[in-house]
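Undergrad: After the structure tokens below, expect a handful of questions from me.
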Amino acid sequence: MGAAFAMAFLWLAVCLTPVSCLLQTDQDPHPVIKNLRMDPERKRMSWDLHGNVSQIWCFVNSRRVHKAQNNTYCKFAHIPCQATNYSVSVTQGPPFSGWIQYPKLEGKARAAAENLTCWVHDVDLLTCSWAVGREAPRDAQYHLYLENLHSFQKWPCSQYRRDEWGTNVECRFDDLSVLSPELNRFSVNGSSQESPIPCSEITKTLHEIERLTAPTITSAWCNQTYSIVQWQVRSHFREDFEYELEMQQTEDNFLKLSNPGTYTVRIRARHTAMLAPSWGEWSAQERFVCGRAPLPVWLTSLLIALGTLLALGLVLLLCRRYAVMQQLFPPIPHVKDPISDHLQNERMVRGGPAVRGSVGHEGWPGKVARWPGRKRSSRSAQWRRCRFWGKSETGAQPSLSAGRRGLGGGAQPGGGWTIGRL
């Protein structure tokens, strides 16, 4: 009975010893590192160094993360609120390793908040939500804290949403100016009168948690040749975006952008800086009815110039062809009348004199003769009125002869009159 009581007392003493005070060594009576401890405010793990060592490394959950500074301490970006193993190891010098656990494990692990998720939405709002731990006491309550790991400032959340049992399950921040673009910690601490509740936390960058709002289409224009869409995205960043356009056309030639016709478009965006970012919200649909594309000014001018040159070439071709036709088919000359061989004006003979001519005294001109023949040209009209003169050597009735260029002067064979032009 006494031995059993002594053994129980020994185990109780071990269990009540603070974990942060436990230092595992190689059982060296004179270790080079003593008094391994954690300073949560300064986020430093330090120790007392005894002896000469060249290099010391620090580990978190058996993962090497930092080289010791001045071989006396290691500084961490943040100290998780969950129980974590921290260790040191001498890599150059007398072999030594030791570890501590911080913070010490309290309460039931499954009583902590579960599925902690935080996201930035509507550009300037931050919301975090979580589920009540499966083994949480009935009076469990949770509180959210935001910590900027660049400035190490910490802020509590005040705008909670509760479930039907009155437990906080969501909280919202309206001021995001406290966020760091690099790294932020979101932690949920639990409290209960029955038993301690472990905390739960996540560490995220702003890129990871920002859910981009739906892009706003600022301008859109299209025709049957192409379409142009411009949009704007509100974000805390100005670059590293990826966009996705969804098009729904009313025609069969889907995605044939050279002739889009009538279609609708919506857009969403996401960050490309992270490995697996989530897409933002879809924008409102924009409908396009693309008409016929107007001809560019340069193309219109070119067509006008080509049309002018073509018309000019056609005119020149017709003129050239008409000249060739005249050469190939010259006009047929007029057939001479045998009677007109002795007459110089056919029109004067056809009509005949309307008044018989007479000769004045001593052969001087007497009456005037007129011919009513058809008037075919202004040239022929000048021969319609003329005077004649002469004398007959045989006493025969006078006769007339005329030519195209004038009246001949001279006696006809067998006697006649000599005719002259006035």
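In numbering that gives the first Met the number 0, the protein residues as written are 0 to 421.
Beta carbons: idealized from backbone N, C-alpha and C, even for Gly.
As an exercise, report each continuous beta strand (DSSP E) stretch of at least 3 residues that is fully enclosed by the region 34 to 91, in chain order.
TA: The DSSP assignment places complete beta strand (DSSP E) segments of no fewer than 3 residues inside the region 34 to 91 at 43 to 48, 54 to 59, 62 to 66, 72 to 74, 83 to 91, in order along the chain.
Undergrad: For W297, which of helix, strand or coil comes out of DSSP?
TA: Under the three-state reduction of DSSP output, W297 falls in the helix class.
Undergrad: Cutting at 8 Å between CB atoms, please list the residues of its own chain near V89, excluding the five before and the five after it.
TA: V31, I32, V52, Q54, I55, F95, S96
Undergrad: Apart from the five residues on each side of it in sequence, which residues of its chain come closer than 6 Å, Cβ to Cβ, to C117?
TA: C127, F185, I208
Undergrad: Classify H206 as helix, strand or coil using the three-state DSSP reduction.
TA: Reduced to three states, the DSSP call for H206 is helix.
Undergrad: Where does T271 fall in DSSP's three states?
TA: Under the three-state reduction of DSSP, T271 is assigned to coil, being neither helix nor strand.
Undergrad: My output table needs one value for Q325: the three-state DSSP class, helix, strand or coil.
TA: Correct three-state label for Q325: helix.
Undergrad: Taking the alpha-carbon positions, what's the A76 to H65 distance?
TA: 11 Å
Undergrad: In the DSSP assignment, what residue or residues form a beta bridge with H142?
TA: N188
Undergrad: Among F287, C289, E146, D121, which has the Cα closest to the Cα of W281?
TA: D121
Undergrad: Determine the extent of the beta strand (DSSP E) in which K153 is found, giving its start and end residues.
TA: Looking at the DSSP string, the run of the beta strand (DSSP E) that includes K153 is 152 to 155.
Undergrad: Kindly list the residues whose CB is nearer than 8 Å to the CB of E169, restricted to its own chain and excluding five residues on each side of it in sequence; keep chain order.
TA: T126, C127, S128, W129, Y159, R160
Undergrad: Exposed or buried, what is Y85 when buried is set at 16 or more other beta-carbons lying within 10 Å of its beta-carbon?
TA: buried
Undergrad: Tell me whether E181 is buried or exposed, calling it buried when 16 or more other Cβ atoms sit within 10 Å of its Cβ.
TA: exposed
Undergrad: Could you check what DSSP says for N183 in three-state terms: helix, strand or coil?
TA: strand
Undergrad: Do G132 and T212 count as a contact pair if the criterion is CB distance below 8 Å?
TA: no
Undergrad: Please report the distance separating the alpha-carbon of A368 from that of R319.
TA: Model confidence at A368 stands at a pLDDT of 46, short of 50, so the residue's coordinates are unreliable and nothing is read from them.
Undergrad: Using the rule of at least 16 other Cβ atoms within 10 Å of the residue's Cβ for burial, across every protein chain shown, is L145 buried or exposed?
TA: buried
Undergrad: Could you tell me the alpha carbon to alpha carbon distance between S288 and Y262, rounded to whole angstroms?
TA: Checking the displayed sequence, the identity of residue 288 turns out to be Val instead of Ser. Cα-Cα distance, rounded: 7 Å.
Undergrad: Out of N69, G50, T166, L143, which has the shortest C-alpha to C-alpha gap to F172?
TA: L143
Undergrad: Among the candidates R233, I201, R137, P102, whose CA atom is the shortest distance from the CA of A110?
TA: R137
Undergrad: Give the range of the beta strand (DSSP E) segment to which C221 is assigned.
TA: 215 to 221
Undergrad: Need the endpoints of the beta strand (DSSP E) that E113 sits in, please.
TA: 113 to 120
Undergrad: Look at the Cβ atom of N147, then the Cβ atom of L175, and state whether they are nearer than 8 Å.
TA: no
Undergrad: Could you pull the DSSP bridge partners for T126 from this structure?
TA: Secondary-structure assignment with DSSP links T126 through a beta bridge to W118, R171.
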